[in-house]
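Heads up, the thing below is written out as structure tokens.
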Amino acid sequence: LDLSRPPEIDMHRPQDTALVGIHGRMEQLAAAMEIRLQAHEAAMEAVRGELAAERKRGDALEEALGSTAARLRHALDEAVNARRAAAEQAEAEETAWRAAADERAGLRADIEAVRA
């Protein structure tokens, strides 16, 4: 059945009248399908645009996350170094205090020896 060109129609024959109705309905369905296809294509294009925008946003967020992670690592390194320096300082102060205490104890012993 060749639908590209309508057959010769005799409107006095019932089967030809039915063919005209069928042909008209098929054209309506084809037009409706074309409209649906265009709507789906437009929706797909909109989704493609949204996807591209989300990918750009994701890339920007990944970049920001990487930058933030690097800053955090730097801050943690600084905190570890500061704690280490504080611990070393406290240890040095305690050593100096003990040395001073030992010296004072030695002086007291010397004073007690002189008095005795």
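In terms of my numbering, the sequence shown has 105 at position 17, counting the first letter as 1, and numbering is strictly consecutive. Don't be surprised by glycine CBs; every beta carbon is placed ideally from N, CA and C. Small disclaimer: the values here were computed from a predicted structure and weren't measured.
- Assigned with DSSP and collapsed to three states, A204 falls in coil, not helix or strand.
- Our two residues, A130 and M121, have alpha carbons roughly 14 Å apart in a direct line.
- G146 has its alpha-carbon roughly 55 Å from the corresponding atom of T183.
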